[in-house]
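Numbering (the working numbering), first residue to last: 463 to 970.
Ideal Cβ positions, reconstructed from N, Cα and C, are used throughout, including at glycine.
Here the structure is a predicted model, which means the values were calculated and not measured.
Remarks on the structure that follows.
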């Protein structure tokens with residue numbers, strides 16, 4: 463999307479917009495990159511008397527240096543012997559070299575962008591002209607199966623740290639000109655490439671304008687994390703729940719794009735951001751589209767139940783044990799009372815101690831390598847839980863409640879939600895510990911009211927429940943057969959009718 467040169471481009475930071483052209487020479491290049499040992503500035507001479515000088519500027523770690531010596535320099539020498547000059551148009555200098563020129567003399571930041579993109583910059587000294595060749599050879603890896611989003615029936619490829627490869631993985635799946643990409647550069651120092659992707663005939667224009675505005679107003683020193691970009695885009699200081707989803711799977715990205723969402727790629731990150739997001743999206747799994755609708759519907763109900771258990775079970779248990787013993791069946795209460803004989807801690811302190819131990823185990827498992835971390839979490843939990851019961855520190859019932867809570871939290875798909883759940887759980891636990899079930903109910907009311915006010919780029923967080931959109935409720939929390947899915951979510955796209963079904967409706 464090109465903009466007039468006289469209009470400031472919001473996709474570039476202010477330092478780039480105010481940049482002035484410079485008269486470049488070998489000395490200017492050396493001055494500009496002084497202290498950067500990985501940037502090479504050297505001269506190559508051509509002609510019988512070495513009368514023609516060409517200055518080469520490139521980064522050794524990002525540019526293919528072998529091609530420079532074995533291909534570029536010999537081709538330039540052959541072109542000079544044939545033409546006798548470098549003053550011809552770039553396309554006539556060499557048929558083998560894809561030389562690119564400049565409309566105007568580039569500024570310092572533009573030269574840095576070219577060099578750090580892995581390109582070879584050429585300065586023809588006598589002619590006073592600049593050109594560059596794309597010889598980028600950046601450190602990269604091959605797309606392989608994601609370690610965080612396991613694929614059973616779906617594709618095995620995933621995003622990597624190169625934004626161009628990630629965009630290509632989507633283009634491979636979507637052969638349509640209606641899929642639009644817009645490139646931004648964010649960060650005064652990091653100059654991080656960011657790509658916005660969407661379907662121009664599906665995404666709401668208001669949503670598109672909002673995300674463009676927010677991206678254009680970001681002015682920071684460096685961008686290196688998708689969570690950093692998420693915080694800058696959501697602009698909600700009281701944000702607890704994730705307002706943008708993320709994934710590393712291209713197939714899931716395609717399904718989100720077709721539903722009326724946009725995607726943001728950040729160079730150097732193997733995950734992409736998805737928005738608008740809501741509670742219905744973060745409860746879905748990338749594998750849902752690859753399984754039978756009946757199993758997927760059941761699995762989503764299990765996730766919703768697990769979410770409720772993970773948040774509220776410790777608080778409900780403590781409230782019943784400390785304030786509402788009369789609500790517990792007599793035989794169960796008798797069993798619990800016997801198991802608590804001689805315990806030094808109250809039920810509130812027991813549960814608090816166990817919840818903190820669960821968080822310690824979780825943190826330890828994350829910091830260690832995967833096989834060791836999983837083993838430590840499992841074996842450590844069993845050993846310490848059994849030892850705590852034998853030592854008379856906690857009752858068996860509290861250990862059972864803690865184990866159910868921990869396992870329920872693992873079933874959640876979204877990792878950002880899984881981490882936030884710990885804070886929300888502690889909030890409801892503290893309310894129940896002080897005020898009992900009344901405090902728990904009050905907390906639920908306040909929490910639902912808070913979620914009802916949240917918006918992700920104009921879409922309500924609780925949609926389609928608040929506001930209620932009856933036709934979208936079923937497919938948001940369950941999954942209908944594909945031949946029943948006739949419309950896109952009304953909260954996301956103004957083009958409500960899916961393409962194939964729309965043709966059928968028009969023909970009927």
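Regarding residue i and the ligand GDP, is the C-beta to nearest heavy atom distance less than 6 Å?
| i | result |
| --- | --- |
| residue 742 | For the structure depicted, the ligand GDP is absent and the ligand set is empty, with no information on it obtainable. |
With the cut-off set at 7 Å, would you say residue i and residue j are in Cβ contact?
| i | j | result |
| --- | --- | --- |
| residue 707 | residue 744 | yes |
| residue 842 | residue 814 | no |
| residue 821 | residue 884 | yes |
| residue 920 | residue 669 | yes |
| residue 605 | residue 626 | no |
| residue 732 | residue 710 | yes |
| residue 913 | residue 900 | no |
| residue 894 | residue 777 | yes |
| residue 712 | residue 632 | yes |
| residue 600 | residue 580 | yes |
| residue 521 | residue 501 | yes |
| residue 561 | residue 593 | yes |
| residue 954 | residue 678 | no |
| residue 938 | residue 926 | yes |
| residue 854 | residue 816 | no |
| residue 515 | residue 587 | yes |
| residue 728 | residue 691 | yes |
| residue 943 | residue 755 | yes |
| residue 838 | residue 826 | yes |
| residue 861 | residue 847 | yes |
| residue 490 | residue 548 | no |
| residue 654 | residue 703 | no |
Between the Cα of residue i and those of the options, spot the shortest distance and give me the residue it belongs to.
| i | options | result |
| --- | --- | --- |
| residue 656 | 773, 725, 631 | 725 |
| residue 643 | 509, 764, 674, 917 | 674 |
| residue 564 | 865, 578, 584, 545 | 584 |
| residue 828 | 862, 786, 877, 861 | 877 |
| residue 906 | 896, 890, 916 | 890 |
| residue 649 | 757, 694, 720 | 694 |
| residue 420 | 915, 677, 664 | In the structure as shown, the chain starts at 463 and stops at 970, and residue 420 therefore has no counterpart that could be examined. |
| residue 786 | 819, 764, 896, 801 | 896 |
| residue 617 | 951, 659, 750, 796 | 750 |
| residue 808 | 830, 780, 831, 794 | 780 |
| residue 734 | 516, 715, 850, 834 | 715 |
| residue 614 | 588, 728, 752, 886 | 752 |
| residue 611 | 746, 858, 653, 639 | 746 |
| residue 609 | 831, 909, 770, 666 | 831 |
| residue 536 | 507, 687, 630 | 507 |
| residue 652 | 628, 681, 505 | 681 |
| residue 701 | 595, 931, 886 | 886 |
| residue 811 | 689, 666, 892 | 892 |
| residue 931 | 687, 952, 945, 915 | 952 |
| residue 529 | 544, 559, 545 | 559 |
| residue 531 | 504, 543, 509 | 504 |
| residue 928 | 741, 628, 512 | 741 |
| residue 459 | 628, 888, 765, 567 | Within the shown structure, residues of the chain are numbered from 463 to 970, placing residue 459 beyond reach of any answer. |
| residue 879 | 672, 671, 765 | 765 |
| residue 571 | 595, 512, 818, 495 | 495 |
| residue 498 | 849, 662, 578 | 578 |
Could you tell me how far apart the beta carbons of residue i and residue j are, in whole angstroms, since I believe they sit closer than 8 Å?
| i | j | result |
| --- | --- | --- |
| residue 867 | residue 775 | 5 Å |
| residue 759 | residue 874 | Their Cβ separation, rounded to whole angstroms, is 17 Å, which puts residue 759 and residue 874 out of contact at 8 Å. |
| residue 602 | residue 576 | Their Cβ separation, rounded to whole angstroms, is 19 Å, which puts residue 602 and residue 576 out of contact at 8 Å. |
| residue 518 | residue 582 | 6 Å |
| residue 641 | residue 525 | Not confirmed; about 31 Å, so no contact. |
| residue 660 | residue 719 | 7 Å |
| residue 802 | residue 857 | 5 Å |
| residue 859 | residue 798 | 5 Å |
| residue 898 | residue 796 | Not quite, the Cβ-Cβ distance comes to about 21 Å (not below 8 Å), so this is no contact. |
| residue 705 | residue 908 | About 19 Å; that fails the 8 Å criterion. |
Give the DSSP bridge partners of residue i, in chain order.
| i | result |
| --- | --- |
| residue 593 | 584 |
| residue 431 | This structure cannot settle anything about residue 431, because the visible part of the chain is limited to 463 through 970. |
| residue 648 | 654 |
| residue 661 | 641 |
| residue 707 | 736 |
| residue 598 | 525 |
For a minimum of 4 consecutive residues, which ranges assigned as the alpha helix (DSSP H) are wholly contained in the segment 528-574? 535-545, 552-555
If you scan the segment 918-962 from start to end, which runs of the beta strand (DSSP E) of 3 or more residues do you find wholly inside it? none
Which parts of the segment 718-799 are runs of the alpha helix (DSSP H), unbroken and 4 residues or longer, counting only runs that do not cross its ends? 741-744, 755-784
Contiguous beta strand (DSSP E) assignments of at least 3 residues, all confined to the segment 872-925: none
At which residue ranges does the segment 797-864 contain complete beta strand (DSSP E) runs of 3 or more residues, listed in the order of the chain? none
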